[in-house]
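Peer 1: Chains as they are written, first to last, in the working numbering: chain A, 104 to 209; chain B, 33 to 706. Here it is: the structure, laid out below.
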Amino acid sequence: MAAVAASIPPQWYLLLAAGVFCIGLFGILTRSDALYFLMSVELMMNAANINFVAFSLYYGDLTGQVFALFVIALAAAEVAIGIGIILVLYRNFGDIDVTVPTEMRW
Amino acid sequence: MVDAFAYVPAVVLLPFFSFLVALGAGKYLPKGGAFGGIAATAGSFLLSLWIATAVAGGRAYDETLYTWAAGDQFELTFGALIDPLSALMLVIVTLVALLVHVFSLGYMNDEGETGLPRYYAGLGLFTASMLGFVVADNLLMAFMFFELVGLCSYLLIGFHFREPGPPSAAKKAFLVTRFGDYFFLVGVVAVFATFGTAAFAGEGSFPALAEAALAGDQAVWTPGGLDVMTWFTVVGLLVLGGVVGKSAQFPLHTWLPDAMEGPTPVSALIHAATMVAAGVYLVARMYGFYALTPTTLAVIAFIGGFTALFAATMGVVKDELKQVLAYSTISQYGYMMLALGAGGYVAAVFHLTTHAFFKALLFLGAGSVIIAMHHNEDMWDMGGLKARMPVTYYTFLAGSLALAGIFPFAGFWSKDEILYEALVHGLNEPLLLGGYAMGLLAVPVTAFYTFRMVFLTFHGEPRTDLAADPEPVRWNVKGPLTVLGSLAVVTGLINMVPVQKVLGLEGIDYLHRWLDNEWGGIDGLSSHHYADLGPYSSGYIAGGEVPTVLVGAAVSLGLALAGLGLAWRLYNVASPTEHTAKLGGIKDVLYNNYYLDELQVWIAYRTEDIAGGADTFDQGIIDGVVNGVSSVSLAGGSRVRRIQTGLVSQYAAMLTLGLIALLVLIGVNGGWFL
Numbered sequence: 104m105a106a107v108a109a110s111i112p113p114q115w116y117l118l119l120a121a122g123v124f125c126i127g128l129f130g131i132l133t134r135s136d137a138l139y140f141l142m143s144v145e146l147m148m149n150a151a152n153i154n155f156v157a158f159s160l161y162y163g164d165l166t167g168q169v170f171a172l173f174v175i176a177l178a179a180a181e182v183a184i185g186i187g188i189i190l191v192l193y194r195n196f197g198d199i200d201v202t203v204p205t206e207m208r209w
Numbered sequence: 033m034v035d036a037f038a039y040v041p042a043v044v045l046l047p048f049f050s051f052l053v054a055l056g057a058g059k060y061l062p063k064g065g066a067f068g069g070i071a072a073t074a075g076s077f078l079l080s081l082w083i084a085t086a087v088a089g090g091r092a093y094d095e096t097l098y099t100w101a102a103g104d105q106f107e108l109t110f111g112a113l114i115d116p117l118s119a120l121m122l123v124i125v126t127l128v129a130l131l132v133h134v135f136s137l138g139y140m141n142d143e144g145e146t147g148l149p150r151y152y153a154g155l156g157l158f159t160a161s162m163l164g165f166v167v168a169d170n171l172l173m174a175f176m177f178f179e180l181v182g183l184c185s186y187l188l189i190g191f192h193f194r195e196p197g198p199p200s201a202a203k204k205a206f207l208v209t210r211f212g213d214y215f216f217l218v219g220v221v222a223v224f225a226t227f228g229t230a231a232f233a234g235e236g237s238f239p240a241l242a243e244a245a246l247a248g249d250q251a252v253w254t255p256g257g258l259d260v261m262t263w264f265t266v267v268g269l270l271v272l273g274g275v276v277g278k279s280a281q282f283p284l285h286t287w288l289p290d291a292m293e294g295p296t297p298v299s300a301l302i303h304a305a306t307m308v309a310a311g312v313y314l315v316a317r318m319y320g321f322y323a324l325t326p327t328t329l330a331v332i333a334f335i336g337g338f339t340a341l342f343a344a345t346m347g348v349v350k351d352e353l354k355q356v357l358a359y360s361t362i363s364q365y366g367y368m369m370l371a372l373g374a375g376g377y378v379a380a381v382f383h384l385t386t387h388a389f390f391k392a393l394l395f396l397g398a399g400s401v402i403i404a405m406h407h408n409e410d411m412w413d414m415g416g417l418k419a420r421m422p423v424t425y426y427t428f429l430a431g432s433l434a435l436a437g438i439f440p441f442a443g444f445w446s447k448d449e450i451l452y453e454a455l456v457h458g459l460n461e462p463l464l465l466g467g468y469a470m471g472l473l474a475v476p477v478t479a480f481y482t483f484r485m486v487f488l489t490f491h492g493e494p495r496t497d498l499a500a501d502p503e504p505v506r507w508n509v510k511g512p513l514t515v516l517g518s519l520a521v522v523t524g525l526i527n528m529v530p531v532q533k534v535l536g537l538e539g540i541d542y543l544h545r546w547l548d549n550e551w552g553g554i555d556g557l558s559s560h561h562y563a564d565l566g567p568y569s570s571g572y573i574a575g576g577e578v579p580t581v582l583v584g585a586a587v588s589l590g591l592a593l594a595g596l597g598l599a600w601r602l603y604n605v606a607s608p609t610e611h612t613a614k615l616g617g618i619k620d621v622l623y624n625n626y627y628l629d630e631l632q633v634w635i636a637y638r639t640e641d642i643a644g645g646a647d648t649f650d651q652g653i654i655d656g657v658v659n660g661v662s663s664v665s666l667a668g669g670s671r672v673r674r675i676q677t678g679l680v681s682q683y684a685a686m687l688t689l690g691l692i693a694l695l696v697l698i699g700v701n702g703g704w705f706l
């Protein structure tokens, strides 16, 4: 395990995380469908998780991995709430397009 | 052993809690929250007695309890100062407040008044503010509670706000005393600017610093390098402005007769223990400062003497019971000011004490008569009440004898000592002698109007059906009257200086010894110290101290008896007539209070332009700046809010752009791109 980790330099992990993050960001900026939003947010969060695990491995410290586990648990909760919001959105507007509800602006 | 001084804040807070309880829950309590007020003032009274015992045990208390603002130059604090003077005043205020609360059961509750929770809340706050003022250990705290007292008087005088008279009287009381307080406020600021502290007691207190500055041991700030003595006189006179307003001295006395519109127990409280007493107490509190400036003392003495005579003359022609008492209050506080100005610190405190008891007694007695007469206050509708309400009559008589200064009632001793002090110090000081002459002239006038009032109210035949069949009063009226009646008879015994001097008995001048820290107190706050500071030397007539005492007492007693005798001749008949008509034009002048109200209104109209200019400045410039600032914010806000579109994608884009901008900024600064 340690041998495999040592063979791959940490910047590859970081590049992977950055790529995943950018895909998520792209999804948020271009899509208007709330479900896509949710998935994009998941992607960005997992990019962060990859960073955690990568650095944890690099420094030989387990704290980062524990953090990643916490983030996964939180992400599960976040998905539950997010889907709840989308459900309410659909009931109120008959659509899950996030550009439709703009009542709360100035 | 628990320390009595630990309970000093409780003395003030108990009535304050009764205010909160009456205000918040008075509706749901029996008697509109009266019992809360009675319990609170009774508690305060007992604690005050305990504190006075501790002072008698040789101790004193001067602590800063709370610092609410601290700066480089000075700090603003709340604290408590308990010395013989404030301990005595605490006992007086709490006792009178307690009796007034009990009396209110008879005057307000039994008469079926509405709005009782508001009334008892007002009484509680009034008492609490006065107690806070009494224990104040610095001038600023005193000023704040001084203002609270003024506010409470406004609320209580205007208690019957549905009638036209009381609200207008309340406004007048508030505005006139505010006018004096304005000078007081400037005085407080001047004290801070000059000394950097406003503490009353201790090494670094402002009277002590002023003393050192006059001796040349201490440098103080004065505006434009003014002479220290002149500047202290100015500061003293500024603070005196507040005193003149609150203690109803000429020319700011006009609010007090109008304040009779308030419920009678409130009048008793205002005149005996709170509000009006506050002014005189303030001078006594900072007497170490006033004693340093002879000019201020002379002004105080002259204003006092003049007010004593001036108010007494107006009392002679009034038809309403409470109006007579109102002018007698102004006149009696004039005596106290005369005493303070004449270097008679103890005499003034003595008269403050005796007056508190006999004036509360007279007002409560008047309240009892007013209940009996179904709220008719005109003395010409009364008469013959003596046989029908004996308790009220005899207590009222005791109070009247004390007010008139008849031996051996309380008022005789205190008034006599004031006149004695003014005389012996005045023999070397012409201005003071003028004050003495006016004080002496006021004596027969006082006796005359007092007994005119007694005879018209209680003697002769009933002049109306109401007076023939008065409504009976209950224990809650008679109880307080009895207590105060006894006090009006015996309070003089605490300070029988003439007896001591004539008979050569040592040590029966208890009040002198009390205020001279003989039992306990704070250095620099003793009557002895004040006498050393004062500018006066004593002169005697008829070759010595003892003859001077005897002649002084004989003259004032003789004049009082003469006034009483005249009243007896004119009004103690079966059906008295209005003899004042013989005064002709003078009567109209007196009856209309020397047209001073009209004069003040006239001045107000003449100065309308100034007030208008000040209003324009306030509305246009001061408010203009404030409104300008707010409209800039408003306009900016209404533009900037446009970026909040409600589209989540745009928010996310902005976040991303912000992040990128931040990264670029950090990168450029950190030299990443080089």
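Just so you know, even glycine gets a beta-carbon here, dropped at the ideal spot from N, CA and C. These numbers were taken from a predicted model, which means no experiment stands behind them.
1. Under 8 angstroms, CB to CB, which of the residues in the stretch 689-700 of chain B have a partner in chain C?
2. Just by C-beta distance, which residues in the stretch 655-675 of chain B are closer than 8 angstroms to chain A?
3. Inspect the CB distances between the stretch 100-109 of chain B and the stretch 256-266 of chain B and report whether three or more fall short of 8 angstroms.
4. Residues of chain B with CB under 9 angstroms from A:Val201, in chain order?
5. From the DSSP output, in three-state form, read off B:Thr146 for me.
6. How close, in whole Å, do the beta carbons of B:Ala84 and B:Ala119 come, if the pair is a contact with beta carbons under 8 angstroms?
7. So is A:Pro204 in contact with chain B if we call contact Cβ pairs under 9 angstroms?
8. Using the beta-carbon of each residue, which ones in chain A are nearer than 8 angstroms to B:Ala685?
9. Tell me the residue span of the alpha helix (DSSP H) that contains B:Trp287.
10. Check this for me: beta carbons of B:Gly492 and B:Tyr603, under 9 angstroms apart or not?
11. If you run the structure through DSSP and keep just helix, strand and coil, what is B:Gly111?
12. Tell me whether the stretch 442-454 of chain B and the stretch 317-324 of chain B touch, counting them as touching only if at least three CB pairs, one residue from each stretch, are closer than 8 angstroms.
13. Which of helix, strand or coil does DSSP assign to B:Trp82?
14. Let me make sure I understand the geometry here. Which of B:Ser136, B:Leu163 and B:Met162 has the alpha-carbon closest to that of B:Arg150?
15. Measure the alpha-carbon distance for B:Leu417 versus B:Val486 and round it to whole angstroms.
16. Report the CB separation of B:Val87 from B:Gly552 in whole angstroms; it is logged as a contact under 8 angstroms.
17. According to DSSP, is B:Trp253 part of a helix, a strand, or is it coil?
18. I need the DSSP call for B:Asp413, collapsed to helix, strand or coil.
19. In chain order, what residues of the same chain lie with their CB nearer than 6 angstroms to the CB of B:Ser432, ignoring the 5 residues before and after it?
20. Determine the direct distance from the alpha carbon of B:Phe334 to that of B:Gly415, and round the result to whole angstroms.
21. Tell me B:Tyr93's beta-bridge partners as DSSP assigns them.
22. Per DSSP, what kind of secondary structure is B:Thr265 in: helix, strand or coil?
23. List, in order along the chain, the chain B residues whose C-beta lies closer than 7 angstroms to that of A:Phe208?
24. Could you pull the start and end residues of the alpha helix (DSSP H) that B:Ile653 belongs to?
25. Considering B:Glu243, what are the terminal residues of the alpha helix (DSSP H) in which it resides?
26. Check whether the stretch 124-142 of chain A touches the stretch 673-681 of chain B, counting contact only when three or more Cβ pairs, one atom from each stretch, lie closer than 8 angstroms.
27. Out of curiosity, what's the CA-to-CA distance linking A:Ala120 and A:Leu128?
28. Is it right to say B:Gln364 is buried, meaning 16 or more other beta carbons lie within 10 angstroms of its own, or is it exposed?
29. Does DSSP put A:Glu145 in a helix, in a strand, or in coil?
30. Please state the DSSP three-state secondary structure of A:Asn195.
31. Based on Cα-Cα distance, which residue from B:Val349, B:Val578 and B:Leu108 lies nearest to B:Gly536?
32. How is B:Ala153 classed by DSSP in three states: helix, strand or coil?
33. For the alpha helix (DSSP H) that B:Asp620 lies in, which residues bound it at each end?
34. In the DSSP assignment, the alpha helix (DSSP H) including B:Asp29 goes from what residue to what residue?
35. How many angstroms separate the CA atom of B:Asp629 from the CA atom of B:Gly89?
36. Use the C-beta contact count for A:Met104: other C-beta atoms within 10 angstroms, 16 or more gives buried, fewer gives exposed.
Peer 2: The relevant details are as follows:
1. Any reference to chain C falls outside this structure, whose protein chains are A and B.
2. Arg673 and Arg674
3. no
4. The residue labelled residue 201 of chain A in the question sits at position 98 within the first sequence. Those within 9 angstroms of A:Val201 in chain B are Leu679, Val680 and Ser681.
5. Within the second sequence, residue 146 of chain B is the residue found at index 114, counting from 1. Here B:Thr146 sits in coil by DSSP.
6. Residue 84 of chain B sits at position 52 when you count from the first residue of the second sequence. Residue 119 of chain B sits at position 87 when you count from the first residue of the second sequence. With 8 angstroms as the limit, B:Ala84 and B:Ala119 qualify as a contact, their Cβ atoms being about 4 angstroms apart.
7. Walking along the first sequence from the start, residue 204 of chain A turns up at place 101. Chain B contact via Cβ: present.
8. Mapped onto the second sequence, residue 685 of chain B falls at position 653. Correct list: Leu132.
9. In the second sequence, the residue the question calls residue 287 of chain B occupies position 255. Per DSSP, B:Trp287 belongs to the alpha helix (DSSP H) from Trp287 to Asp290.
10. Residue mapping note: residue 492 of chain B aligns to position 460 of the second sequence, counting from 1. Residue mapping note: residue 603 of chain B aligns to position 571 of the second sequence, counting from 1. Yes, the pair counts as a contact, with Cβ atoms nearer than the cut-off.
11. Taking the first residue of the second sequence as position 1, residue 111 of chain B is located at position 79. Strand at B:Gly111.
12. With fewer than three CB-CB distances shorter than 8 angstroms, the stretch 442-454 of chain B does not count as touching the stretch 317-324 of chain B.
13. Residue mapping note: residue 82 of chain B aligns to position 50 of the second sequence, counting from 1. Helix at B:Trp82.
14. The residue given as residue 150 of chain B occupies position 118 in the second sequence. The alpha carbon of B:Arg150 has as its nearest neighbour, out of B:Ser136, B:Leu163 and B:Met162, the alpha carbon of B:Ser136.
15. Residue mapping note: residue 417 of chain B aligns to position 385 of the second sequence, counting from 1. Residue mapping note: residue 486 of chain B aligns to position 454 of the second sequence, counting from 1. Approximately 10 angstroms, taken between the alpha carbons.
16. Along the second sequence, one-based indexing puts residue 87 of chain B at 55. Along the second sequence, one-based indexing puts residue 552 of chain B at 520. Their Cβ separation, rounded to whole angstroms, is 5 angstroms, which keeps B:Val87 and B:Gly552 in contact under 8 angstroms.
17. Working through the second sequence from its first residue, we reach residue 253 of chain B at position 221. Coil at B:Trp253, not helix or strand.
18. Counted from its first residue, the second sequence places residue 413 of chain B at position 381. Reduced to three states, the DSSP call for B:Asp413 is helix.
19. Translated into positions along the second sequence, residue 432 of chain B becomes position 400. Take B:Ser432, set aside five residues on each side of it, and the residues of its chain with a beta-carbon closer than 6 angstroms to its own are Thr482 and Val486, in chain order.
20. Within the second sequence, the letter at position 383 stands for residue 415 of chain B. Within the second sequence, the letter at position 302 stands for residue 334 of chain B. Those two C-alpha atoms are separated by around 38 angstroms.
21. Taking the second sequence and counting its residues from 1, the one referred to as residue 93 of chain B is at position 61. Listed as beta-bridge partners of B:Tyr93 by DSSP are B:Ile114.
22. For the purposes of this step, residue 265 of chain B is taken as the residue at position 233 of the second sequence. Three-state DSSP puts B:Thr265 in a helix.
23. For the purposes of this step, residue 208 of chain A is taken as residue 105 along the first sequence, with counting starting at 1. It is worth fixing the name first, because residue 208 of chain A is Arg in this sequence and not Phe. Within 7 angstroms Cβ-Cβ: Gln676, Thr677 and Gly678.
24. Along the second sequence, one-based indexing puts residue 653 of chain B at 621. That residue, B:Ile653, is in no alpha helix (DSSP H); it is neither H nor E in DSSP.
25. By one-based count along the second sequence, residue 243 of chain B stands at place 211. That run of the alpha helix (DSSP H) goes Phe238 to Ala247.
26. yes
27. Start at 1 with the first residue of the first sequence, and residue 120 of chain A comes out as number 17. Start at 1 with the first residue of the first sequence, and residue 128 of chain A comes out as number 25. If you take the alpha carbons of A:Ala120 and A:Leu128, they lie about 12 angstroms apart.
28. Within the second sequence, the letter at position 332 stands for residue 364 of chain B. That one is buried.
29. The residue given as residue 145 of chain A occupies position 42 in the first sequence. Looking at A:Glu145 - three-state DSSP - the assignment turns out to be helix.
30. One-based indexing of the first sequence puts residue 195 of chain A at position 92. In the structure shown, A:Asn195 sits in a helix (DSSP, three-state: H, G or I).
31. Along the second sequence, one-based indexing puts residue 536 of chain B at 504. Comparing Cα-Cα distances from B:Gly536 to each of B:Val349, B:Val578 and B:Leu108, the minimum goes to B:Val578.
32. For the purposes of this step, residue 153 of chain B is taken as residue 121 along the second sequence, with counting starting at 1. Helix at B:Ala153.
33. Your numbering for residue 620 of chain B matches position 588 in the second sequence. Start and end: Gly617 to Tyr623.
34. Here chain B has residues from 33 to 706 only, and residue 29 of chain B is not among them.
35. Here the question's residue 629 of chain B lines up with position 597 in the second sequence. Here the question's residue 89 of chain B lines up with position 57 in the second sequence. Taking the straight line from one Cα to the other gives about 50 angstroms.
36. Indexing the first sequence from 1 puts residue 104 of chain A at position 1. Low per-residue confidence applies at A:Met104: pLDDT is 47, beneath 50, and the placement is therefore not dependable enough to give any value.
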